[in-house]
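A short write-up of the structure that comes next.
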């Protein structure tokens with residue numbers, strides 16, 4: 003079916019696509035995706051189980067906080083960085 007999607011993309015002038023699959027792509031399907039990328043198309047594919055967890059809300063992701071100006075200065079100095 004990957005070839006079918008690729009052909010449909012060509013017919014409808016679609017240059018970017020995301021495909022969600024249940025199992026890994028076969029070598030033939032991966033070759034078709036690579037061939038499309040060489041022609042200027044961007045096809046991304048994901049396994050369905052990769053999309054089941056929102057990694058931004060995962061319990062192992064630390065809480066993100068905005069630094070104060072003083073904390074920013076200290077951090078930059080600690081790692082010998084310059085502000086950008």
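Numbering (the numbering used here), first residue to last: 3 to 86. Positions of the beta carbon are idealized from the N, C-alpha and C atoms, including for glycine.
Near residue 45, which residues of its chain fall below 6 Å by C-beta distance, leaving aside the five closest residues on each side in sequence? As a first step, residue 45 must be located in the chain shown, where it is residue number 43. For residue 45, where only same-chain residues beyond five positions count, the Cβ hits under 6 Å are 19, 35, 38.
Nearest CA to the CA of residue 16: which residue from 23, 22, 7, 24? In the chain shown, counting from the first residue as 1, residue 16 sits at position 14. Here the closest residue by C-alpha is 7.
Between residue 2 and residue 71, which are expected to be in contact by the criterion C-beta below 8 Å, what is the C-beta distance as a whole number of angstroms? What is shown of the chain runs 3 to 86, which leaves residue 2 out entirely.
For the alpha helix (DSSP H) containing residue 37, name the first residue and the last one. Numbered from 1 along the chain shown, position 35 holds the residue referred to as residue 37. 29-40 is the extent of the alpha helix (DSSP H) around residue 37.
Pick helix, strand or coil for residue 18, following the three-state DSSP scheme. Numbered from its first residue, the chain shown carries residue 18 at position 16. Of the three classes helix, strand and coil, the one that applies to residue 18 here is strand, per DSSP.
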